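The structure under discussion appears below in the form of structure tokens.
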Amino acid sequence: MNTNKKTPKLRFKGFTDDWEQRKLGSIGSTYTGLSGKTKEDFGHGEAQYITYLNVFQNTVSDVAMTDKVEIDTTQNEVKYGDVLFTTSSETPEEVGMSSVWLGHTPNIYLNSFCFGFRPNQKINPYFLGYSLRAPYMRDKIKILAQGISRYNISKNKVMELEISLPNNEEQSLLGNFLRNIDLGITLHQRKLEKLKLAKKALLQKLFPKNGSQFPEIRFKDFTDAWEQRKLSDISTKVTTKNVDVHYTETLTNSAEQGIISQVDFFDKEISNKDNINGYYIVENNDFIYNPRISTLAPVGPINRNKLNRTGIMSPLYTVFRASKVDLGFLEWYFQSNHWHRYMKLNGDSGARADRIAIKDSTFFEMPIKTPVNIKEQVFIGETLEKFNQYITLHQRKLDHLISIKKGLLQQLFV
572 MNTNKKTPKL RFKGFTDDWE QRKLGSIGST YTGLSGKTKE DFGHGEAQYI TYLNVFQNTV
632 SDVAMTDKVE IDTTQNEVKY GDVLFTTSSE TPEEVGMSSV WLGHTPNIYL NSFCFGFRPN
692 QKINPYFLGY SLRAPYMRDK IKILAQGISR YNISKNKVME LEISLPNNEE QSLLGNFLRN
752 IDLGITLHQR KLEKLKLAKK ALLQKLFPKN GSQFPEIRFK DFTDAWEQRK LSDISTKVTT
812 KNVDVHYTET LTNSAEQGII SQVDFFDKEI SNKDNINGYY IVENNDFIYN PRISTLAPVG
872 PINRNKLNRT GIMSPLYTVF RASKVDLGFL EWYFQSNHWH RYMKLNGDSG ARADRIAIKD
932 STFFEMPIKT PVNIKEQVFI GETLEKFNQY ITLHQRKLDH LISIKKGLLQ QLFV
């Protein structure tokens with residue numbers, strides 16, 4: 572045993588004793604995951620095995636995140652309080668991730684890309700779980716990663732690492748405290764996910780579906796059928812170029828972040844200062860279509876410049892200026908998928924599979940259904956904007972909680 576003792580920066584009131592430094596191998600033993608199995612052995616049976624992703628993602632394993640396998644008495648069973656470690660990863664920062672198993676179900680095994688650790692003395696499982704994920708331990712584990720294209724870790728080397736242990740009462744307080752923070756984070760994540768799903772549903776129901784002139788959800792006192800117009804009826808293409816290089820800030824259109832300065836998005840200037848005289852001038856409230864497709868934007872994103880300043884954009888983008896329509900309404904229309912079908916039918920990925928090629932004449936023929944009454948347009952835009960602000964507020968609360976937890980993990984352990 573190492574007699575070196577330490578204390579963390581932040582402690583609960585009433586605790587002043589030093590923490591003991593113990594090698595993991597002195598407080599428990601390891602066992603292997605499933606072995607001798609083929610693909611045919613998985614996906615059926617009365618037993619379960621804990622997946623690699625479950626161990627990798629969770630400080631405390633999700634008892635429902637398991638897959639089926641046949642009962643095999645020659646394999647090591649996972650017990651309550653065991654710690655599970657991943658043995659390999661694509662980066663050294665992610666190797667040796669740990670998770671505590673708190674299930675009581677029999678016939679639970681561990682996947683073959685992890686190893687188990689079973690304490691031989693009383694240690695609060697929550698404390699153990701958070702301690703092994705705390706920065707002081709993660710820094711030690713990362714050093715042990717070996718490999719080039721894929722990194723592995725030796726369980727024997729992990730067992731040589733020292734862990735800091737307070738008395739059982741302080742362990743319990745620390746473990747339960749951090750667990751409550753995690754529960755709060757989980758609740759916020761679930762609420763945020765529900766809000767995002769509700770927003771997605773609103774985007775579907777506040778605009779008419781194909782073949783209909785009426786949306787499923789309508790504001791009170793609005794009953795008229797929506798009229799179908801072409802994009803060219805309510806907008807004009809921006810073709811003014813930065814000839815005299817009056818503007819130097821290059822903008823980009825991100826599917827996730829919207830219109831953003833290129834420097835902020837890439838952390839550096841991408842455009843060439845020598846030829847930005849051929850870039851389009853983008854004014855505040857102009858709309859920009861980016862033909863680059865992605866999971867978030869399957870036909871490319873259309874976003875509105877809300878930076879309150881003028882910038883420039885590569886000719887690879889289509890810039891247009893809207894009129895005779897509420898800008899908020901139009902912005903949210905392009906956040907929906909109601910215009911995707913037209914783009915898929917009339918666009919062509921061509922030689923670049925990651926981009927949609929569409930002629931300007933075809934693009935501006937895009938049909939867009941709009942309420943006849945401008946007030947209804949405004950209500951739709953404002954409603955979705957307020958809903959989005961509510962989502963942003965909850966995202967900030969979640970980010971704040973995650974930041975608090977990160978800071979605590981730095982100060983509550985040594």
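End of the sequence shown = 985 in the working numbering, gap-free, step of one.
In this text, a Cβ means the ideal position worked out from N, Cα and C, and glycines have one as well.
All values reported here derive from a predicted model rather than from experimental measurement.
Taking just the CA atoms, how far does residue j sit from residue i?
{"i": "P677", "j": "T609", "result": "22 Å"}
{"i": "L773", "j": "F586", "result": "52 Å"}
{"i": "M572", "j": "K594", "result": "Unreliable placement is indicated for M572, whose pLDDT of 45 sits below 50; the coordinate value is still reported in the next sentence. Distance between the alpha carbons of M572 and K594: 7 Å."}
{"i": "N747", "j": "G755", "result": "12 Å"}
{"i": "F656", "j": "R750", "result": "20 Å"}
{"i": "E641", "j": "L979", "result": "42 Å"}
{"i": "D835", "j": "S825", "result": "11 Å"}
{"i": "N625", "j": "E591", "result": "30 Å"}
{"i": "S670", "j": "P779", "result": "47 Å"}
{"i": "S606", "j": "S683", "result": "6 Å"}
{"i": "D857", "j": "G849", "result": "18 Å"}
{"i": "Q981", "j": "V666", "result": "19 Å"}
{"i": "A635", "j": "H971", "result": "28 Å"}
{"i": "E861", "j": "F613", "result": "According to the sequence displayed, residue 861 carries Asn and not Glu. Distance between the alpha carbons of N861 and F613 is about 44 Å."}
{"i": "V870", "j": "K895", "result": "25 Å"}
{"i": "F934", "j": "D792", "result": "34 Å"}
{"i": "D588", "j": "A716", "result": "33 Å"}
{"i": "T963", "j": "A769", "result": "14 Å"}
{"i": "D919", "j": "S842", "result": "26 Å"}
{"i": "R912", "j": "L898", "result": "22 Å"}
{"i": "E617", "j": "V654", "result": "23 Å"}
Thinking just about the alpha-carbon of each residue, which of the options is nearest to the one in residue i?
{"i": "T630", "options": "L887, K812, Y697 and G614", "result": "Y697"}
{"i": "R863", "options": "D588, I929, K726 and K780", "result": "I929"}
{"i": "T622", "options": "I679, W590, K650 and G616", "result": "I679"}
{"i": "N846", "options": "I830, N813 and Q833", "result": "N813"}
{"i": "Y818", "options": "K780, I694 and K844", "result": "K844"}
{"i": "E902", "options": "Y913, N959, S932 and P869", "result": "N959"}
{"i": "T997", "options": "S600, Q799, D795 and E854", "result": "In the structure as shown, the chain begins at 572 and stops at 985. Residue 997 is therefore absent and cannot be evaluated."}
{"i": "N879", "options": "I830, N944, L681 and E741", "result": "I830"}
{"i": "Y651", "options": "I694, K713, R912 and K584", "result": "I694"}
{"i": "V816", "options": "F613, Y851 and K877", "result": "Y851"}
{"i": "M730", "options": "K711, T954 and G604", "result": "K711"}
{"i": "G1007", "options": "P886, I939 and G687", "result": "The question about residue 1007 has no answer, for the chain in this structure spans 572 to 985."}
{"i": "K801", "options": "G952, E611 and E936", "result": "E936"}
{"i": "E741", "options": "P786, K584, T807 and F891", "result": "K584"}
{"i": "T807", "options": "K776, R892, T794 and T881", "result": "R892"}
{"i": "S865", "options": "H909, K776, Q833 and A924", "result": "A924"}
{"i": "S597", "options": "E733, D804, Y888 and K767", "result": "E733"}
Quick one: residues in its chain with C-beta nearer than 7 Å to the C-beta of residue i, no 5 flanking neighbours on either side, listed in chain order?
{"i": "F984", "result": "P579, S702, A705, Y707 and S735"}
{"i": "L867", "result": "A826 and E827"}
{"i": "Q906", "result": "L774"}
{"i": "S600", "result": "R689 and N691"}
Is residue i helix, strand or coil when you go by DSSP?
{"i": "D897", "result": "coil"}
{"i": "H615", "result": "strand"}
{"i": "D845", "result": "coil"}
{"i": "I913", "result": "In the sequence under discussion, the amino acid at residue 913 is Tyr, which differs from the Ile named in the question. Three-state result, Y913: helix."}
{"i": "R582", "result": "coil"}
{"i": "V993", "result": "This structure does not reach residue 993, given that the chain is present from 572 up to 985, and the question cannot be answered."}
{"i": "W590", "result": "strand"}
{"i": "M572", "result": "Below a pLDDT of 50, predicted positions are generally treated as unreliable, and M572, at 45, falls in that range; the measurement from the model is reported next regardless. Coil."}
{"i": "G871", "result": "coil"}
{"i": "Y850", "result": "coil"}
{"i": "S865", "result": "coil"}
{"i": "D919", "result": "strand"}
{"i": "S885", "result": "coil"}
{"i": "G599", "result": "strand"}
{"i": "Q799", "result": "strand"}
{"i": "F891", "result": "strand"}
{"i": "S783", "result": "coil"}
{"i": "S832", "result": "strand"}
{"i": "L822", "result": "strand"}
{"i": "F565", "result": "Residue 565 is absent from the model: the chain starts at 572 and stops at 985."}
{"i": "F837", "result": "helix"}
{"i": "F905", "result": "helix"}
Going by beta carbon distance, what residues of the same chain come within less than 8 Å of residue i, once the five residues before and after it are set aside?
{"i": "L969", "result": "I756, H759, Q760 and L763"}
{"i": "T637", "result": "Q619, Y620, I621, T622, N625 and I679"}
{"i": "I975", "result": "I752"}
{"i": "F837", "result": "T823"}
{"i": "L673", "result": "V631, S632, V634, Y651, G652 and P696"}
So, for residue i: in the same chain, excluding its five sequence neighbours on each side, which residues have a beta-carbon less than 6 Å away from its beta-carbon?
{"i": "P942", "result": "W797 and Q948"}
{"i": "T811", "result": "I852"}
{"i": "Q784", "result": "A796 and W797"}
Got a sec: is the Cβ-Cβ distance from residue i to anything in chain D below 8 Å?
{"i": "S683", "result": "Within the model displayed, chain D is absent; a lone protein chain is all it includes."}
**Request:** Quick one: which unbroken alpha helix (DSSP H) runs of 4-plus residues sit fully inside the stretch 708-776? Chain order, please.
**Result:** 726-730 and 739-776
**Message:** Runs of 3 residues minimum, wholly inside the stretch 604-690: which ones carry the beta strand (DSSP E) assignment?
**Reply:** 613-621, 637-640, 654-657, 669-671, 679-681 and 685-690
**Item:** Minimum length 3: unbroken beta strand (DSSP E) runs contained in the stretch 921-977
**Value:** 938-941
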